[in-house]
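Engineer:
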Amino acid sequence: MDISVNGKIILAPLIKTEIGSKVEMLNNNIFNFNQIAFDEIIKKEVERLVRLRMDDFERKLSENYCFDDKLLSREEVAIKLDISLGTLDNQRKRGKLKGCAIGKSVKFRNSEVLTYIKSLKPC
Numbered sequence: 021m022d023i024s025v026n027g028k029i030i031l032a033p034l035i036k037t038e039i040g041s042k043v044e045m046l047n048n049n050i051f052n053f054n055q056i057a058f059d060e061i062i063k064k065e066v067e068r069l070v071r072l073r074m075d076d077f078e079r080k081l082s083e084n085y086c087f088d089d090k091l092l093s094r095e096e097v098a099i100k101l102d103i104s105l106g107t108l109d110n111q112r113k114r115g116k117l118k119g120c121a122i123g124k125s126v127k128f129r130n131s132e133v134l135t136y137i138k139s140l141k142p143c
């Protein structure tokens, strides 16, 4: 609850929220706030916090799910990994990169290729 003294707003104890904690440090000071300006400050802070939460959510979602799980040819995977077809075949035979046989050709799920990339250790 805000308390007004001589047209000035004294920020009373605020609900413990992320926004509240930012404004809370101003609790014991007296400010002459224009209501529109105060609303704009709150609106911008809420938008910033929503963006942060959405960015975090999207990052976690992209780490756990693959939205593009189409089948890739050997050539496409070799280009994507910047390796030769022979190296790709060796990685598949060793079980490091899983492929699936469709007729006489071998295809790779995009999610398997991404899993393989994540499993690589940095040099």
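Just so you know, we're using our numbering here: the sequence shown kicks off at 21 and counts up by one. No residue lacks a Cβ here, since even glycine has one placed at the ideal position from N, Cα and C. Keep in mind it's a predicted model, so treat the numbers as computed, not measured.
#1: Where in the region 66-122 do unbroken runs of the alpha helix (DSSP H), each at least 4 residues long, occur, reported from the N-terminal end onward?
#2: By Cβ distance, which residues of its chain are closer than 8 Å to Glu-95, with the 5 residues on each side in sequence left out?
#3: Within the same chain, show all residues whose beta-carbon is closer than 7 Å to that of Lys-42, passing over the 5 residues directly before and after it, in chain order.
#4: Less than 8 Å between the beta carbons of Leu-81 and Val-133, yes or no?
#5: Can you grab the Cα-Cα spacing for the pair Leu-117 / Lys-141, in whole Å?
#6: May I ask you to report which of helix, strand or coil DSSP gives Lys-141?
#7: Taking its Cβ as the centre, do 16 or more other Cβ atoms sit within 10 Å of Leu-72, making it buried, or is it exposed?
#8: From the DSSP output, which residues share a beta bridge with Phe-128?
Structural biologist: The relevant details are as follows:
#1: At a cut-off of 4 residues, the continuous stretches assigned as alpha helix (DSSP H) that sit fully inside the region 66-122 are 94-101 and 105-113.
#2: For this step, residue 95 is matched to residue 75 along the sequence shown. Excluding sequence neighbours, Glu-95 sits near Leu-105.
#3: Translated into positions along the sequence shown, residue 42 becomes position 22. The predicted model places Lys-42 with a pLDDT of 49, which falls under 50 and marks its position as unreliable; any figure quoted below should be read in that light. The residues are Glu-65.
#4: Working through the sequence shown from its first residue, we reach residue 81 at position 61. Working through the sequence shown from its first residue, we reach residue 133 at position 113. The answer is no: Cβ separation not under 8 Å.
#5: Position 97 of the sequence shown, counted from the first residue, corresponds to residue 117. Position 121 of the sequence shown, counted from the first residue, corresponds to residue 141. Their Cα atoms are separated by approximately 15 Å.
#6: Along the sequence shown, read from residue 1 onward, the residue named residue 141 stands at position 121. Three-state DSSP puts Lys-141 in coil, outside helix and strand.
#7: The sequence position of residue 72 within the sequence shown is 52, counting from 1. By the neighbour-count criterion, in which a residue is buried when 16 or more other Cβ atoms sit within 10 angstroms of its Cβ, Leu-72 is exposed.
#8: Position 108 of the sequence shown holds residue 128. Its beta-bridge partners are Leu-92.
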